[in-house]
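Student: Residue numbers (this note's numbering), protein chains in the order written: chain A, 1088 to 1369; chain B, 1088 to 1369; chain C, 1088 to 1369; chain D, 1088 to 1369. Where is the CB? At the ideal position from N, CA and C, for every residue including glycine. Remember, it's a predicted structure, so these values are computed and weren't measured experimentally. Got a structure for you, written out below as structure tokens; questions coming shortly.
Number of protein chains: 4
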Amino acid sequence: ADVGRLLVRCPDRPGIVAAVSGLLHAHGANIAQSDQYSTSLEGGTFLMRVVFHLEELGARRPALEAELAEVADRYAMRWTLHDAAVPKRAAILVSREDHCLMDLLWRHRRGELDLDVRLVASNHPDLGEDVGAFGLPFHHVPVTPGTKPQAEERLLELLAGEVDVVILARYMQILSGDLLTRLGVPVINIHHSFLPAFVGANPYARARDRGVKLVGATAHYVTEELDAGPIIEQDVARVSHRDDVPALVAVGRDIERTVLARAVAWHAADRVIVHDGTTVVL
Amino acid sequence: ADVGRLLVRCPDRPGIVAAVSGLLHAHGANIAQSDQYSTSLEGGTFLMRVVFHLEELGARRPALEAELAEVADRYAMRWTLHDAAVPKRAAILVSREDHCLMDLLWRHRRGELDLDVRLVASNHPDLGEDVGAFGLPFHHVPVTPGTKPQAEERLLELLAGEVDVVILARYMQILSGDLLTRLGVPVINIHHSFLPAFVGANPYARARDRGVKLVGATAHYVTEELDAGPIIEQDVARVSHRDDVPALVAVGRDIERTVLARAVAWHAADRVIVHDGTTVVL
Amino acid sequence: ADVGRLLVRCPDRPGIVAAVSGLLHAHGANIAQSDQYSTSLEGGTFLMRVVFHLEELGARRPALEAELAEVADRYAMRWTLHDAAVPKRAAILVSREDHCLMDLLWRHRRGELDLDVRLVASNHPDLGEDVGAFGLPFHHVPVTPGTKPQAEERLLELLAGEVDVVILARYMQILSGDLLTRLGVPVINIHHSFLPAFVGANPYARARDRGVKLVGATAHYVTEELDAGPIIEQDVARVSHRDDVPALVAVGRDIERTVLARAVAWHAADRVIVHDGTTVVL
Amino acid sequence: ADVGRLLVRCPDRPGIVAAVSGLLHAHGANIAQSDQYSTSLEGGTFLMRVVFHLEELGARRPALEAELAEVADRYAMRWTLHDAAVPKRAAILVSREDHCLMDLLWRHRRGELDLDVRLVASNHPDLGEDVGAFGLPFHHVPVTPGTKPQAEERLLELLAGEVDVVILARYMQILSGDLLTRLGVPVINIHHSFLPAFVGANPYARARDRGVKLVGATAHYVTEELDAGPIIEQDVARVSHRDDVPALVAVGRDIERTVLARAVAWHAADRVIVHDGTTVVL
């Protein structure tokens, strides 16, 4: 059977689950998984993700959406419906560090990431050959302090309207608020520290100076404020005084690629809902 | 509002969520959390846990149960309904090792465990004073190879009909199948290894001999077959060649008490469903 | 045999290990464990911890120390020699949260912490009975904004010269620089976040607001600058959007007590060397 | 300066550290790191790993070795001396699963593994192109039940005398005792379970049946007895009832590649000593 995913967000009040599940049942859908969350017991926001099986989802979708729109009206609901058979189109941006990129491309080839990777772009030419080996287009978009606006225009040509999500796999350039707005799709970044510790540059060197016993990585949606967007996933690894900065960087690579891969997989499966500056992963 | 928890188990087919959520809504309940799981896409078993708010749950419960019984008939459903305001009555059995017992009693005193601990029983008198300090009754029920049947009779007098769950907090006696049957309530045990590795006695010494790099603990429901019951929770900690057997035992204590506490808390909150020799924690 | 522990710190240069191990061998000591660390390959600081067995360490200690002083002169070495048979005298300061205190006292009773706990002091009377149950003196030293200097004087009477280490087991008062100086012994604190994230008050509420996916705890030596002292140990636990602030606090308790217990045990075993604002745990 | 690594193993008795460090000092070496371990306080085995800096190690090695042989005689010592500038020659054997192989090759290219990878061999042709992209020779050595002896002969031609270590990166063939003997070098395998749980085939399916809450992987030296060789490294990841067998396999891939990479890196750095059926990682 085809698989649909319905994400719902509305003010909490009794009857939402009954309304949605009743509607799906009436259309012949079988609920395979359903997760919900209320931000507070009284007057909170209700968030729900429902995965259902429905024969001929594509054909039945318009009728389903029409009725969903009615229910949504009644409950002041915001909703999105996703067909699991249609993977999101993705672009990956990278600079010179290859570990996050390679890891995503391997997982993609192995079928672990439900994404349609359309292209890789980089401000350096170094990784073009590696990307080519996976049969994917690689675009070199150089960025200098003087050419940043032009570079962003070039990125917009490549990405705007062409992809549903952009992944920054250690892309060492800050995207302008203007670019983010015009892009209009979620951008996922991997930051090489356990945010909010060590916001900004050189987190491993600063972690070393502070003598922390764990280093971490954080995948988050990009917002205009640097390293302050909603966190999707984080993890850490144990280190010791024996680990100098290059050793911390090496340990960090493993965390970074794992954390980014999890965040991307969850986003691809419509499991992440942004709410109030944070995320709910259902 | 009062809080109810409904656990449901039945053959999977379309409409179950709609039926249950519709019924709850009709009775004025607001679903706060709902988790479900199907053991397979086709012909599997459907498991669901619903937490709902309902004013005057106690008074409305009979009417709710009557309708639930009808729906249950239609879907060949097995269900239990729990009032969160009524904590389960529990007994803890222990031998000489105090770490799991003390940890449970502290958490209980702190309000972390939603249980009504009625008594502690032990085959040794050693921990009586510690238990007394928490204001709980302590029963010394000695067990020798010759007196095991009498000891089990004594335990049944203390426990059968008096408690809803029995917790073996490093109780170093094997409970007979007869005792388990006559007890008629779930029994949770903590085993000091990462099962199925090191079933049976002296797991830490055997872990040391085998040179494992992690030691673990497993909380499980007790069945007649030793260390083979459904696993509720497991965890591990890193060890090295420097850890001799006493060091492994010390590391293990921390894992044991944590794993047992989690399993007990989940059981107390009606989050654990046994299915096909394993557990589903919703 | 008696066990000695020698801690050494000096500018790195060839021959240090040979000099120290040769000296110990000449005195009949057998090295059981030895760890060393150089802060950099060229011109760094050399740190070493040696554990050795030596019959009649007490009697032989003066001769050993005399020769050590000579070697130390040659290598510009700072060193301390500890007899493992003489546990450090400790005081624990606590406010109202009992989990770290109870855990330390229980581990102490178990023999897991090689400390001579002399007393517990608190700015609240609440935990007096619990401490009494362990047979330890409890001192209530109230602190109000107006009486802080007097309270610190009272603490100094209790502690200065009486203990070798002070443990802040969730003691919710800031110790003045004057107190720290006059105390003259290491003070270990447990902070309820993964420092340097969430320095200061209410870390769990701030972690919730920021939407982090892990919460942590940090044990560190206290310096005059708040939450900035050398980190001894850290750990984290996974949380999710479902965990509200009280749930984070509950999860945090387990991390706090574990991290503090490890830091205290390492300090008690002379395993922690402070160097350049961080620690080296050997 | 050049870097040497000295591994020592002998019956424990006083003076070993002094003898070895004195000798190294006399030859002008500066000890950068030294770790030792005694299997028991009385009558145990002493194991030591010393990393030292010595100008012109290559030229001075014969003189150093001659004196080491003398000291070794005195202490019944077995020792090996390694020049860090000479990486071990390695072969990787693989079947169809690419994740461990790709991870090793990528780390190798990154400079994270101090190995000289000479070739990859496989009983399937599938991964030839991937290996070629790294500029390494790939040998297809098919194995059928009838041709196993010939296949092992072919492997011996490729490997015996040509490599210092063989890495089984999910090679799904059992190596005969005869092959192991004639190969004469350590063979490292990655097993896809937390040994000794789930020895043998299909560990993830069996883990699923048993309802474990963690899955793991184990890197070990290969001995004739299946999955029973000395364990080098293990790790686990949390899973739940929601993870079906393919999901466990996907989670497992990440653990397998990480655990194997650690084991290989430690072996490459002469950090693993086999002792009494287990390993000591110094």
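Taking only three categories from DSSP, how would you classify GLY1303 of chain A?
Tutor: It is a strand residue.
Student: If you follow the beta strand (DSSP E) that GLN1039 of chain D is part of, which residue opens it and which one closes it?
Tutor: The structure shown does not extend to residue 1039 of chain D, since chain D is modelled only from 1088 to 1369, so the question has no answer here.
Student: CB LEU1282 of chain D to CB ASP1314 of chain D, shorter than 8 Å?
Tutor: Yes, the pair counts as a contact, with Cβ atoms nearer than the cut-off.
Student: What does ASP1170 of chain B pair with, by DSSP beta-bridge criteria?
Tutor: Paired residues: B:GLY1091.
Student: So, does the CB of GLU1154 of chain C fall closer than 8 Å to a CB anywhere in chain A?
Tutor: Closer than 8 Å: no.
Student: Determine the direct distance from the alpha carbon of VAL1336 of chain C to that of ALA1431 of chain C, and round the result to whole angstroms.
Tutor: As shown, chain C starts at 1088 and ends at 1369. That puts residue 1431 of chain C outside it, with no answer to give.
Student: State buried or exposed for ASP1265 of chain B, treating a residue as buried only when at least 16 other CB atoms are found within 10 Å of its CB.
Tutor: Per the 10 Å Cβ criterion, exposed.
Student: Could you list which residues in chain C have their beta carbon closer than 7 Å to that of ASN1117 of chain D, in chain order?
Tutor: Under the 7 Å cutoff, chain C gives PRO1101.
Student: What in chain B is Cβ-close to TRP1193 of chain C, meaning under 7 Å?
Tutor: Result: MET1189.
Student: Is there a C-beta anywhere in chain B that falls below 8 Å from the one on PHE1133 of chain D?
Tutor: Chain B, which has no Cβ nearer than 8 Å to the Cβ of PHE1133 of chain D, makes this no.
Student: Can you name the residues that DSSP bridges to ASP1203 of chain D?
Tutor: According to DSSP, ASP1203 of chain D bridges with D:ARG1176.
Student: Roughly how many angstroms separate the alpha carbons of ARG1092 of chain B and MET1135 of chain A, rounded to a whole number?
Tutor: In a straight line, the C-alpha of ARG1092 of chain B is about 19 Å away from that of MET1135 of chain A.
Student: Would the beta-carbon of VAL1090 of chain A fall within 8 Å of that of ALA1171 of chain A?
Tutor: Yes, the Cβ-Cβ distance between VAL1090 of chain A and ALA1171 of chain A is below 8 Å.
Student: I need the boundaries of the beta strand (DSSP E) containing ALA1324 of chain D, first residue and last residue.
Tutor: 1318-1325 is the span of the beta strand (DSSP E), which, as asked, contains ALA1324 of chain D.
Student: Is there at least one Cβ from chain A nearer than 8 Å to HIS1112 of chain B's Cβ?
Tutor: Closer than 8 Å: yes.
Student: Applying the 10 Å Cβ sphere with the 16-neighbour rule, what's the burial state of GLY1372 of chain D?
Tutor: There is no way to answer for residue 1372 of chain D, as the model of chain D reaches only from 1088 to 1369.
Student: Would you kindly check if the distance between the Cβ of ALA1304 of chain A and the Cβ of ILE1261 of chain A is under 8 Å?
Tutor: Going by C-beta atoms, ILE1261 of chain A is not nearer than 8 Å to ALA1304 of chain A.
Student: Give the residues from the segment 1323-1354 of chain D that approach chain A closer than 9 Å (Cβ to any Cβ), ordered along the chain.
Tutor: Flagged, chain order: ARG1329, ALA1337, ARG1340, ASP1341, THR1345, ALA1348.
Student: Are the CB atoms of VAL1346 of chain B and ALA1284 of chain B nearer to each other than 8 Å?
Tutor: Going by C-beta atoms, VAL1346 of chain B is not nearer than 8 Å to ALA1284 of chain B.
Student: Report the residue ranges of all beta strand (DSSP E) runs contained in full by the segment 1253-1290 of chain C; include only those spanning at least 3 residues, in chain order.
Tutor: Within the segment 1253-1290 of chain C, the complete beta strand (DSSP E) runs of at least 3 residues are 1274-1278.
Student: Along the beta strand (DSSP E) that carries ALA1163 of chain D, what are the first and last residues, could you check?
Tutor: That residue, ALA1163 of chain D, is in no beta strand (DSSP E); it is neither H nor E in DSSP.
Student: Just to confirm before moving on: does the CB-CB distance between VAL1104 of chain A and GLN1120 of chain A stay below 8 Å?
Tutor: In this structure, GLN1120 of chain A does not lie closer than 8 Å to VAL1104 of chain A by Cβ.
Student: Whole angstroms are fine: how far does the CA of HIS1279 of chain B sit from the CA of GLU1343 of chain B?
Tutor: For GLU1343 of chain B and HIS1279 of chain B, the distance between alpha carbons rounds to 6 Å.
Student: Residues in the same chain with beta-carbon distance under 7 Å from VAL1361 of chain D, minus the five sequence neighbours each way, listed in chain order, please.
Tutor: Contacts found: TYR1308, PRO1317.
Student: Under a three-way DSSP split, which group does HIS1186 of chain C fall into?
Tutor: In this structure, HIS1186 of chain C counts as helix in the three-state DSSP scheme.
Student: Would you give the residue range spanned by the beta strand (DSSP E) that ALA1119 of chain C belongs to?
Tutor: 1117-1125 is the span of the beta strand (DSSP E), which, as asked, contains ALA1119 of chain C.
Student: Name the residue from C:HIS1140, C:ARG1100, C:ARG1148, C:GLY1115 whose alpha carbon lies nearest to the alpha carbon of SER1125 of chain C.
Tutor: Looking at the Cα atoms, C:ARG1100 is the closest of the given residues.
Student: Any beta carbon from chain D within less than 8 Å of GLU1220 of chain A's own beta carbon?
Tutor: Going by the sequence as given, residue 1220 of chain A is Ala instead of Glu. It does: the Cβ of ALA1220 of chain A has a partner Cβ on chain D nearer than 8 Å.
Student: For a cutoff of 8 Å on Cβ pairs, would you count TYR1291 of chain D as touching chain B?
Tutor: It does not: the Cβ of TYR1291 of chain D has no partner Cβ on chain B nearer than 8 Å.
Student: From C:ALA1113, C:LEU1202, C:GLY1271, C:GLY1115, pick the residue whose C-alpha is nearest to that of HIS1354 of chain C; which is it?
Tutor: When each option's Cα is compared against that of HIS1354 of chain C, the closest is C:LEU1202.
Student: Based on the DSSP output, what are the partners of HIS1370 of chain A in its beta bridges?
Tutor: Residue 1370 of chain A lies beyond the stretch modelled for chain A, which goes from 1088 to 1369, so this question has no answer here.
Student: With a threshold of 6 Å on Cβ separation, who are the neighbours of VAL1323 of chain B within its own chain once the five nearest residues in sequence on each side are excluded?
Tutor: Same-chain partners within the cutoff: PHE1281, LEU1301, GLY1303.
Student: For ILE1103 of chain A, write down the residues that DSSP places opposite it in a beta bridge.
Tutor: Answer by DSSP bridge pairing: none, since ILE1103 of chain A is not bridged.
Student: Between the segment 1120-1150 of chain A and chain B, which residues of the former have a C-beta closer than 8 Å to a C-beta of the latter?
Tutor: Within the segment 1120-1150 of chain A, the qualifying residues are GLN1120, SER1121, ASP1122, GLN1123, TYR1124, SER1125, LEU1128, HIS1140.
Student: List, in chain order, every chain A residue whose beta-carbon is nearer than 9 Å to that of GLU1199 of chain D.
Tutor: By Cβ distance, chain A contributes ALA1337, ARG1340.
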